[in-house]
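Engineer:
Number of protein chains: 2
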Amino acid sequence: MNKFSPTVRGDAIAIARVLANDHVADIVEALNNEPRELAAELLSQVPFERAVEIFDQPELDDAPELIASLSRDLAGRLLAEMSADRAADVLRELSEPARSELLHAMAPALRHSLLSILGYPEGSAGSLMTTEYVSVPPDWTVARTLDYIRQVERTRETVYAIYVVDPDTHHLLRAFGLRKLIISQPDERIVSIASDTTPVTVPPLMDVEQVAHLIRKYDLLAVPVVDDDKILGIVTVDDVLDTMIEENTEDVHRFGGMEALDEPYMKMGFLSMIGKRGGWLCALFLSEMLTASVMQHYEVELEKAIVLTLFIPLIMSSGGNSGSQATSLVIRALALRELSLADWWRVALRELPSGVVLGTMLGLVGMARIVLWQYLGLYDYGPYWHLIALTVGLALVGIVTFGSLTGSMLPFILKRIGFDPASASAPFVATLVDVTGLAIYFTVAALILTGTIL
Amino acid sequence: MNKFSPTVRGDAIAIARVLANDHVADIVEALNNEPRELAAELLSQVPFERAVEIFDQPELDDAPELIASLSRDLAGRLLAEMSADRAADVLRELSEPARSELLHAMAPALRHSLLSILGYPEGSAGSLMTTEYVSVPPDWTVARTLDYIRQVERTRETVYAIYVVDPDTHHLLRAFGLRKLIISQPDERIVSIASDTTPVTVPPLMDVEQVAHLIRKYDLLAVPVVDDDKILGIVTVDDVLDTMIEENTEDVHRFGGMEALDEPYMKMGFLSMIGKRGGWLCALFLSEMLTASVMQHYEVELEKAIVLTLFIPLIMSSGGNSGSQATSLVIRALALRELSLADWWRVALRELPSGVVLGTMLGLVGMARIVLWQYLGLYDYGPYWHLIALTVGLALVGIVTFGSLTGSMLPFILKRIGFDPASASAPFVATLVDVTGLAIYFTVAALILTGTIL
Numbered sequence: 001m002n003k004f005s006p007t008v009r010g011d012a013i014a015i016a017r018v019l020a021n022d023h024v025a026d027i028v029e030a031l032n033n034e035p036r037e038l039a040a041e042l043l044s045q046v047p048f049e050r051a052v053e054i055f056d057q058p059e060l061d062d063a064p065e066l067i068a069s070l071s072r073d074l075a076g077r078l079l080a081e082m083s084a085d086r087a088a089d090v091l092r093e094l095s096e097p098a099r100s101e102l103l104h105a106m107a108p109a110l111r112h113s114l115l116s117i118l119g120y121p122e123g124s125a126g127s128l129m130t131t132e133y134v135s136v137p138p139d140w141t142v143a144r145t146l147d148y149i150r151q152v153e154r155t156r157e158t159v160y161a162i163y164v165v166d167p168d169t170h171h172l173l174r175a176f177g178l179r180k181l182i183i184s185q186p187d188e189r190i191v192s193i194a195s196d197t198t199p200v201t202v203p204p205l206m207d208v209e210q211v212a213h214l215i216r217k218y219d220l221l222a223v224p225v226v227d228d229d230k231i232l233g234i235v236t237v238d239d240v241l242d243t244m245i246e247e248n249t250e251d252v253h254r255f256g257g258m259e260a261l262d263e264p265y266m267k268m269g270f271l272s273m274i275g276k277r278g279g280w281l282c283a284l285f286l287s288e289m290l291t292a293s294v295m296q297h298y299e300v301e302l303e304k305a306i307v308l309t310l311f312i313p314l315i316m317s318s319g320g321n322s323g324s325q326a327t328s329l330v331i332r333a334l335a336l337r338e339l340s341l342a343d344w345w346r347v348a349l350r351e352l353p354s355g356v357v358l359g360t361m362l363g364l365v366g367m368a369r370i371v372l373w374q375y376l377g378l379y380d381y382g383p384y385w386h387l388i389a390l391t392v393g394l395a396l397v398g399i400v401t402f403g404s405l406t407g408s409m410l411p412f413i414l415k416r417i418g419f420d421p422a423s424a425s426a427p428f429v430a431t432l433v434d435v436t437g438l439a440i441y442f443t444v445a446a447l448i449l450t451g452t453i454l
Numbered sequence: 001m002n003k004f005s006p007t008v009r010g011d012a013i014a015i016a017r018v019l020a021n022d023h024v025a026d027i028v029e030a031l032n033n034e035p036r037e038l039a040a041e042l043l044s045q046v047p048f049e050r051a052v053e054i055f056d057q058p059e060l061d062d063a064p065e066l067i068a069s070l071s072r073d074l075a076g077r078l079l080a081e082m083s084a085d086r087a088a089d090v091l092r093e094l095s096e097p098a099r100s101e102l103l104h105a106m107a108p109a110l111r112h113s114l115l116s117i118l119g120y121p122e123g124s125a126g127s128l129m130t131t132e133y134v135s136v137p138p139d140w141t142v143a144r145t146l147d148y149i150r151q152v153e154r155t156r157e158t159v160y161a162i163y164v165v166d167p168d169t170h171h172l173l174r175a176f177g178l179r180k181l182i183i184s185q186p187d188e189r190i191v192s193i194a195s196d197t198t199p200v201t202v203p204p205l206m207d208v209e210q211v212a213h214l215i216r217k218y219d220l221l222a223v224p225v226v227d228d229d230k231i232l233g234i235v236t237v238d239d240v241l242d243t244m245i246e247e248n249t250e251d252v253h254r255f256g257g258m259e260a261l262d263e264p265y266m267k268m269g270f271l272s273m274i275g276k277r278g279g280w281l282c283a284l285f286l287s288e289m290l291t292a293s294v295m296q297h298y299e300v301e302l303e304k305a306i307v308l309t310l311f312i313p314l315i316m317s318s319g320g321n322s323g324s325q326a327t328s329l330v331i332r333a334l335a336l337r338e339l340s341l342a343d344w345w346r347v348a349l350r351e352l353p354s355g356v357v358l359g360t361m362l363g364l365v366g367m368a369r370i371v372l373w374q375y376l377g378l379y380d381y382g383p384y385w386h387l388i389a390l391t392v393g394l395a396l397v398g399i400v401t402f403g404s405l406t407g408s409m410l411p412f413i414l415k416r417i418g419f420d421p422a423s424a425s426a427p428f429v430a431t432l433v434d435v436t437g438l439a440i441y442f443t444v445a446a447l448i449l450t451g452t453i454l
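If you read the sequences in order, they're chains A and B.
Residues in the first sequence are numbered consecutively from 1, following full-length UniProt numbering.
Residues in the second sequence are numbered consecutively from 1, following full-length UniProt numbering.
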């Protein structure tokens, strides 16, 4: 313990607290709560094996910065011992010159393997895969395979999925689980115990959401990444679980109308957060300015019938709300592949009557409110109050229908033009609906009220 | 094939198409696309083993209805052979009298085990667990454990997680992975190979989201459900993956401002969908009616300065948008346990300056627009146009700040009073902000414009 630097030595309680944890995940959690300098000092002091385990956890905050603050020698040894996919994750975000120096000092085979993972875009199967899986040639027996697994177990991320690979062509022939191996006779040949169904595979560029979909569908513990029939690596279920949680956070943030935060809320820098929110907020604000233009356009009508303005917030928000509902439905259905791009017209045919029914419900409530207030003497909407009630009711039918249609079609349109349908946020839909909603309201008003108060 | 009923016999192509699939997940997908009668007929004809595999897939649509349409005898045998957690799922939604009849006809041990799962509320660890796990007494050797696994492998949902349980007290002593067993010496004792760290366990009433959090944190393939130190069953990672995807769908639906759909969009009955959307839409509409009351309250001001109405939609939507952003941030941070209830004031201290900065940004843009339109002669805001610009700018600062604060605090408040924080939807926040936003706008207007146009 006397090797700790003076600033750290005083913090013996913090160190003890961190290391007192049973599980590595708890140590990581404790480390995340300490200042980065203390965490780095600690990582250079714990037994090497423990440090590898700690860096193998994707939950460790600031792993690239921590690696960079260690001695190059220790950092290099850690990267070599970590699982390949985690090492690639850390290298991906490591700043220069640490990144080049560390890559340079590596054994050529490891460097080659890490660079192959780094070559794939973030969020792709290739970027998530590990190259540390168990592969055996087809002519091995069960006993020999088990012996081999015993030898390599320590260096493999999972040994529960075993791949039969042609040693010459690297073609993936079969895949089976360790449980199959356990229950088979020792002298049986490996190919005969693996079922003859084609293994489920993914191409290296497949999006992680689709990988998750397949892993879930086929109840896999890992899925091989295959290019040109050759196996490149495997993606394991725990990586998919991690990535899915991240993607879900991104989806909710984007649905809330902002760029997704890539760090926990309390750890995010203030200015970065303003940036992620301010951009969309300004874009929405600029689009929403069209409402002011629409209002200016109808200024004469507004002056004649000030009573019409009373219902503007009510009517507009209803359009936005129904649009937001429809968008949330379609975004999830597209993400879960319940719907494809070609289904847009089936959705439209469903949202049209939905919008009419929902709009009629709200329209009746809105009309009832005007009638009630008028009868109870709570407010006087003037001699033509029944026509005003009719205007509000019909406008609500039109706007809720338009909102449902717009909200349900926006994700399709975004997908069609190459954007992520999940960018169709609630505020985005509301903004789209607001402008048209106003126009619908004033048009209905003109149709019904011209000759009376207009 | 000649056992098919006449209506089905003609559909031989469909049947062939369904059964031509390699993987059971693909068969399920194909079955889901066929009418229910055909699917039921098919399931009564496929080999029994295959039918068990098919019913074991949670992705199979209408499994309870399909089970009910089979002969009681076949249905009973299927439920007995399916994994316990799936059988409980099916029984939970099975209608009477099929449910009672099937439970009654079961072997007492199976009935007892299924009823114990059914006793836990939906979405709890207890309701998700399977009772088919591998448990061994502490004095067994590695070789004996492996032999035992070979015997029971076929009837266990997973053999990759092995639990050391005291045979008398049923207390869970240790947990370890099959890989550990493979690499150990055959004559070693089981307790000596399992690490002496306490196994991670969950209580039966823990929410599935929290279970997922733990499985992810500790990279587990399964987590034991423990009550009173006794092991009741295990929850496996694939069940968690399934449930998480469902929960995420629910979260997005609710964030969109509706009750979560429990069926795929295109399969959901029209009226059920209207019900799930209409309830919230009406509730929001009724709350939003307060905006009409606020507007009526400020009617005199509106008549004097009709120009103020032009910016109402613009200003109100900005409050809703900033609130929706803040809500999406806090909902996810709470779900990921980055924040706890006690952190509300830290969030408030962050959202307050965020709101001021974002509001100032929008306020400046809004003022620029008025100045620009006035100078370019696009619109005449009257002799006091600069005061109007100031009103809009200051109102935006106030409303965006209020929106950010409201949006970030709403999930905390909901959680505090016992609701799911994820019920804080974008439309819900927008509605809350709209009413107060209008009041803020008119108050600022009164402060700045009284004596000029007011």
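By construction, the Cβ of each residue, glycine as well, lies at the ideal position given by its N, Cα and C atoms.
Go ahead and label A/E303 buried or exposed: buried means 16 or more other beta carbons lie within 10 angstroms of its beta carbon, across all protein chains shown.
Structural biologist: Label assigned to A/E303: exposed.
Engineer: Would you tell me roughly how many angstroms separate the C-alpha atoms of B/D207 and B/H112, rounded to the nearest one?
Structural biologist: Whole-angstrom Cα-Cα distance: 23 Å.
Engineer: What three-state label does DSSP hand B/L261 in the structure shown?
Structural biologist: The answer is coil: DSSP assigns B/L261 none of H, G, I, E or B.
Engineer: Counting only beta-carbon separations shorter than 9 Å, does A/I440 have a partner in chain B?
Structural biologist: It does not: the Cβ of A/I440 has no partner Cβ on chain B nearer than 9 Å.
Engineer: Check this for me: beta carbons of B/S359 and B/I399, under 9 Å apart or not?
Structural biologist: In the sequence as displayed, the identity of residue 359 of chain B is Gly instead of Ser. Yes, these two residues count as a Cβ contact at 9 Å.
Engineer: Closest by CA to A/A274, which one among A/L414, A/L284, A/S116 and A/E259?
Structural biologist: Inspection of the sequence shows that residue 274 of chain A is occupied by Ile rather than by Ala. Among A/L414, A/L284, A/S116 and A/E259, the Cα nearest to that of A/I274 is on A/E259.
Engineer: Taking only beta-carbon positions, decide if A/Y375 is within less than 9 Å of chain B.
Structural biologist: Not one chain B Cβ lies under 9 Å of A/Y375.
Engineer: Can you give me, in chain order, the residues of the segment 295-323 of chain A that have a beta carbon less than 8 Å from any beta carbon in chain B?
Structural biologist: Cβ contacts with chain B come from M295, Q296, E299, L302, E303, I306, T309, L310, F311, I312, P313, L314, M316, S317, S318, G320, N321 and S322.
Engineer: What does the Cβ neighbour count give for B/P411, buried or exposed, with the cut at 16 atoms within 10 Å?
Structural biologist: Buried, by the Cβ-count rule.
Engineer: What residue from B/R179, B/I306, B/A326 and B/V164 has the CA that sits closest to B/D229's CA?
Structural biologist: Looking at the Cα atoms, B/V164 is the closest of the given residues.
Engineer: Got a sec: is the Cβ-Cβ distance from A/K415 to anything in chain B below 9 Å?
Structural biologist: With 9 Å as the cut-off, A/K415 does not count as an interface residue toward chain B.
Engineer: With a cut-off of 9 Å, does the C-beta of B/G278 fall near any C-beta of chain A?
Structural biologist: It does: the Cβ of B/G278 has a partner Cβ on chain A nearer than 9 Å.
Engineer: Where does the unbroken beta strand (DSSP E) through A/S174 begin, and where does it stop?
Structural biologist: One point to set straight first is that residue 174 of chain A is Arg, not Ser, in the sequence displayed. It spans L172 to G177 - the beta strand (DSSP E) in which A/R174 sits, taken as one unbroken run.
Engineer: Can you pull the chain B residues whose beta carbon is under 7 Å from the beta carbon of A/G257, in chain order?
Structural biologist: By Cβ distance, chain B contributes N321, S324 and Q325.
Engineer: Would you be able to state if there are at least three C-beta pairs under 8 Å between the segment 407-424 of chain B and the segment 245-264 of chain B?
Structural biologist: The segment 245-264 of chain B is in contact with the segment 407-424 of chain B.
Engineer: A/L94 and A/I67 look like a contact to me (Cβ under 8 Å); what is the Cβ gap, rounded to whole Å?
Structural biologist: Contact holds; Cβ gap of about 7 Å.
Engineer: At the level of alpha carbons, what is the spacing between B/E338 and A/A125?
Structural biologist: Using only the alpha carbons, I get a separation of about 27 Å.
Engineer: Just to confirm, is the Cβ distance from A/P427 to B/S287 under 9 Å?
Structural biologist: Cβ atoms of A/P427 and B/S287: not closer than 9 Å.
Engineer: Whole-angstrom Cβ separation of A/A75 and A/L118, contact assumed at under 8 Å?
Structural biologist: Not a contact, Cβ separation roughly 17 Å.
Engineer: Would you mind stating whether A/Y265 and B/V347 have Cβ atoms separated by less than 9 Å?
Structural biologist: Yes. Within cutoff.
Engineer: Tell me the DSSP secondary structure of B/S100 in three-state form.
Structural biologist: If DSSP states are grouped into helix, strand and coil, B/S100 belongs with the helices.
Engineer: Under 8 Å, with one C-beta from each stretch per pair, do the segment 306-314 of chain A and the segment 319-339 of chain B reach the 3-pair mark?
Structural biologist: These segments do not touch.
Engineer: Please identify, using Cβ separations under 8 Å, the residues of the UniProt domain "CBS" (195-250) of chain A that lie next to chain B, in order along the chain.
Structural biologist: Cβ contacts with chain B: T197, T198, V200, A212, I215, R216, K217, Y218, D219, L221, V237, D238, V240, L241, D242, M244, I245, N248 and T249.
Engineer: Is the distance from the Cβ of A/T291 to the Cβ of A/L396 below 9 Å?
Structural biologist: No, Cβ-Cβ distance for A/T291 and A/L396 is not below 9 Å.
Engineer: Using the C-alpha atoms, what's the distance from B/Y120 back to A/R86?
Structural biologist: Taking the straight line joining both Cα atoms gives about 38 Å.
Engineer: For B/K415, report the span of its beta strand (DSSP E) as first-last.
Structural biologist: Counting along the chain, B/K415 falls outside any beta strand (DSSP E), though it belongs to the alpha helix (DSSP H) covering W385 to R416.
Engineer: Closer than 9 Å, CB to CB, is B/H386 near chain A or not?
Structural biologist: Not closer than 9 Å to any Cβ of chain A, the Cβ of B/H386 fails to qualify, so no.
Engineer: At the level of alpha carbons, what is the spacing between B/I440 and B/L390?
Structural biologist: Cα to Cα, the separation comes out at about 14 Å.
Engineer: How would you call A/L60, buried or exposed, if buried means at least 16 neighbouring beta carbons within 10 angstroms?
Structural biologist: By the neighbour-count rule (16 or more Cβ atoms within 10 Å), A/L60 is buried.
Engineer: Which of the residues in the segment 75-89 of chain B, read from start to end, lie with their CB under 8 Å from any CB of chain A?
Structural biologist: For the segment 75-89 of chain B, which is checked against every Cβ of chain A, not one residue is closer than 8 Å.
Engineer: Got a sec, what are the start and stop residues for the alpha helix (DSSP H) A/P64 sits in?
Structural biologist: Taken as a continuous stretch (DSSP letters only), the alpha helix (DSSP H) holding A/P64 covers A63 to S69.
Engineer: Under the rule that 16 or more other beta-carbon atoms within 10 Å means buried, what is B/W373, buried or exposed?
Structural biologist: B/W373 is buried by the Cβ-count criterion.
Engineer: Leaving aside the five residues before and after A/A84 along the sequence, list all residues of the same chain whose C-beta is less than 7 Å from its C-beta, in chain order.
Structural biologist: Counting only Cβ-Cβ distances below 7 Å, and skipping sequence neighbours, we find S113, L114, I117, T130, T131 and E132.
Engineer: Can you tell which of B/V152, B/A368 and B/R92 has the C-alpha that lies nearest to the C-alpha of B/G123?
Structural biologist: Out of B/V152, B/A368 and B/R92, B/R92 has the C-alpha closest to the C-alpha of B/G123.
Engineer: I want to verify the contact list: residues of chain B whose CB lies under 7 Å from the CB of A/L183, in sequence order.
Structural biologist: Rather than Leu, the amino acid found at residue 183 of chain A in this sequence is Ile. The answer, in chain order, is R150 and E153.
Engineer: Please report the residue range of the beta strand (DSSP E) in which A/L221 lies.
Structural biologist: Counting along the chain, A/L221 falls outside any beta strand (DSSP E), and DSSP gives it neither H nor E.
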